[in-house]
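Working notes, structure below.
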Amino acid sequence: LTLGAPGFHPDGFLIFLEEQADLSPAASIADPVERRTWVYGTLTETAARSQAPLWAELERRGVAYRPHYLINMVEVRARPGLRRTFAGWPGVKSVLYQPGMRRYPRSFEIPDMDPRGPSGVEWNLREIGVDQVWDLGYTGQGVIVGDADTGVAWDHPALRTSYLGWTGETANHDHHWFDAWDGRAEPWDDNGHGTHTTGTVVGLDGDNQVGVAPGARWIACRNMRHGIGNPGSYLSCMEFLLAPFPQGGDPLRDGDPARGAHVVNNSWGCPQEEGCLPGTLRVALDNLRAAGQMMVVSAGNDGPACSTVQHAPAIYEAGFTVGAINRADEAAGFSSRGPVTVDDSRRAKPDIVAPGVDIRSSVPDGYASVPGTSAAGPHVAGAVALLWSMEPDLVGDLDRT
Numbered sequence: 282l283t284l285g286a287p288g289f290h291p292d293g294f295l296i297f298l299e300e301q302a303d304l305s306p307a308a309s310i311a312d313p314v315e316r317r318t319w320v321y322g323t324l325t326e327t328a329a330r331s332q333a334p335l336w337a338e339l340e341r342r343g344v345a346y347r348p349h350y351l352i353n354m355v356e357v358r359a360r361p362g363l364r365r366t367f368a369g370w371p372g373v374k375s376v377l378y379q380p381g382m383r384r385y386p387r388s389f390e391i392p393d394m395d396p397r398g399p400s401g402v403e404w405n406l407r408e409i410g411v412d413q414v415w416d417l418g419y420t421g422q423g424v425i426v427g428d429a430d431t432g433v434a435w436d437h438p439a440l441r442t443s444y445l446g447w448t449g450e451t452a453n454h455d456h457h458w459f460d461a462w463d464g465r466a467e468p469w470d471d472n473g474h475g476t477h478t479t480g481t482v483v484g485l486d487g488d489n490q491v492g493v494a495p496g497a498r499w500i501a502c503r504n505m506r507h508g509i510g511n512p513g514s515y516l517s518c519m520e521f522l523l524a525p526f527p528q529g530g531d532p533l534r535d536g537d538p539a540r541g542a543h544v545v546n547n548s549w550g551c552p553q554e555e556g557c558l559p560g561t562l563r564v565a566l567d568n569l570r571a572a573g574q575m576m577v578v579s580a581g582n583d584g585p586a587c588s589t590v591q592h593a594p595a596i597y598e599a600g601f602t603v604g605a606i607n608r609a610d611e612a613a614g615f616s617s618r619g620p621v622t623v624d625d626s627r628r629a630k631p632d633i634v635a636p637g638v639d640i641r642s643s644v645p646d647g648y649a650s651v652p653g654t655s656a657a658g659p660h661v662a663g664a665v666a667l668l669w670s671m672e673p674d675l676v677g678d679l680d681r682t
């Protein structure tokens, strides 16, 4: 009542179709760009053909919707009471309620908390040996990293130079930025979380050496509003970072897989409160793996009990899940543990750990030190960029990577 915005914000629902594209031939395509292009073309053709009757009916009813292709699914952005109407349609597998997200009159940002100031190469970077890789001449050059998060303050001194949309004199945000919530044409961050995670991947500003792979370039997508998302927003950003499209473009027709991120940092989880069941996003992660895109995901901060890796996408086999350690190389108490039990798989997670306590990185107004597996994950995304700058033949080869 004191901080909110009056009125209703529409909820919606998701229509999942039974038909899903067969991407098994992608494994035989050696060239990473050709493989992405084939995957994108196969997925979008399947979606356009099978969803056409639903589009026509939704348009007849005057209901706003967005088609998706990474999962053959239609996102309806209003009138959740229509769910039963579409549940019985031919070719529809299931219909799932999706919560909306209320707007707020102001942002809730991570404050500038930097009493120490710059210290050269930060402790967490030395801990994983990135300075030794830099000395060999590899800094992530030639690799595009995607960040799916709360947004990015793109003109931060530690991030501007590495933004793929920055030419050195002007910024072009086409194909480099997408805001799945508010449609803003210029990158921004209403929380600071995404600016922090991007900084840990690529950040560099003089003695502020906070990024693992400062020679890599980044693109980004805002999949959360005030740190909260839903399946539709998360999926929209996955699609953009695989095949970026221009401002106002159609994801099914205007995506360009050649411009997509090679590796994506995902410092978020989608719990049931945001509309995700355990299997909601699994097909999307499987399809991204088929395309050769490395999806680095944070394990979550629900530890130290067992079976606390419990939210998509950290639970999936196709994601590379990251837990957090402290300066003593001990698992952080908050870091979620496996095995995964929410889907009865008993899958071993996380797959790897990285520094995630007292991690100093960029925030919109300066720098801050924060804990979390969200801070650990970007170390791994950056490490992949270093590896792929050293061994370009590994790009898209996720098993060997």
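Quick note, in the working numbering, the sequence shown goes up one by one and the last residue is 682.
The beta carbon of each residue, even a glycine, is placed where N, CA and C say it ideally should be.
What you are looking at is a predicted structure, and each value in this text was computed from that prediction instead of being measured.
Residues of its chain near residue i, where Cβ-Cβ distance is below 8 Å and the 5 sequence neighbours each way are ignored
| i | result |
| --- | --- |
| L351 | L324, L516, M519, E520, L523, V564, A565, N568 and L569 |
| S579 | N547, S548, W549, G550, A595, T602, V603, G653, T654, S655, A657 and G658 |
| W319 | P306, A307 and I310 |
| L485 | A439, T442, S443, V491, G492 and P495 |
| G647 | D393 and D395 |
Residue burial classification, residue i (beta-carbon count within 10 angstroms, cutoff 16)
| i | result |
| --- | --- |
| T366 | exposed |
| K374 | exposed |
| M394 | exposed |
| G398 | exposed |
| P291 | exposed |
| R641 | buried |
| P235 | Nothing in the structure corresponds to residue 235, since the chain is present only between 282 and 682. |
| T451 | exposed |
| T481 | buried |
| R341 | exposed |
| W404 | exposed |
| P348 | buried |
| R506 | buried |
| G410 | exposed |
Reduced DSSP secondary structure (H/G/I, E/B, other) of residue i
| i | result |
| --- | --- |
| P361 | helix |
| Q553 | helix |
| N453 | coil |
| L406 | helix |
| L304 | coil |
| Q413 | helix |
| A429 | strand |
| G663 | helix |
| D486 | strand |
| D393 | coil |
| D470 | strand |
| F526 | coil |
| G480 | helix |
| L558 | coil |
| M382 | coil |
| S309 | helix |
| G492 | coil |
| W370 | coil |
| F293 | Before going on, a small fix: residue 293 reads as Gly here, not Phe. Three-state DSSP puts G293 in a strand. |
| S650 | strand |
| L298 | strand |
| N582 | coil |
Close Cβ partners of residue i (< 6 Å) along its chain, the five nearest in sequence each way excluded
| i | result |
| --- | --- |
| P532 | E520 and F526 |
| T622 | S588 |
| Q591 | V623 |
| G473 | E390, I391, V644 and P645 |
| M354 | L295 and F297 |
Beta-carbon proximity of residue i to residue j, cut-off 8 Å
| i | j | result |
| --- | --- | --- |
| H730 | S643 | In this structure the chain extends from 282 to 682, so residue 730 is not present and cannot be described. |
| D417 | L295 | First, the amino acid is wrong: residue 417 is Leu here, not Asp. Not closer than 8 Å, so no. |
| V357 | G401 | no |
| S635 | G421 | It should be pointed out that residue 635 corresponds to Ala in this sequence rather than to Ser. Not in contact: A635 and G421 (Cβ atoms no closer than 8 Å). |
| M575 | T479 | no |
| W499 | S443 | yes |
| A302 | G427 | no |
| L406 | Q490 | yes |
| N504 | D430 | yes |
| V424 | S670 | yes |
| V314 | P673 | no |
| A466 | S514 | no |
Beta-carbon proximity list for residue i, same chain, < 7 Å, skipping 5 on both sides
| i | result |
| --- | --- |
| A329 | L533 |
| R316 | A307, I310, A572, G573 and G677 |
| A629 | G619 and P620 |
| P512 | L295, Q379, C551, G556, C557, T561 and L562 |
| E598 | R628 |
| G529 | none |
| L668 | L675 and T682 |
| D488 | P399 and G401 |
| V433 | L440, P468, D470, G475, T476, T479 and A501 |
| R360 | V344 |
Q: Pick out the complete beta strand (DSSP E) segments inside the segment 311-356, 3 residues or longer, and give them in chain order.
A: For secondary structure counted as the beta strand (DSSP E) over 3 or more consecutive residues, the segment 311-356 holds these complete runs in sequence order: 346-349.
Q) In chain order, which continuous runs of the alpha helix (DSSP H) of length 4 or greater are located wholly inside the segment 494-524? A) 512-523
Q) Could you give the uninterrupted runs of the beta strand (DSSP E) lying entirely in the segment 588-648, keeping only those of 3 residues or more? A) 601-606, 633-636 and 640-644
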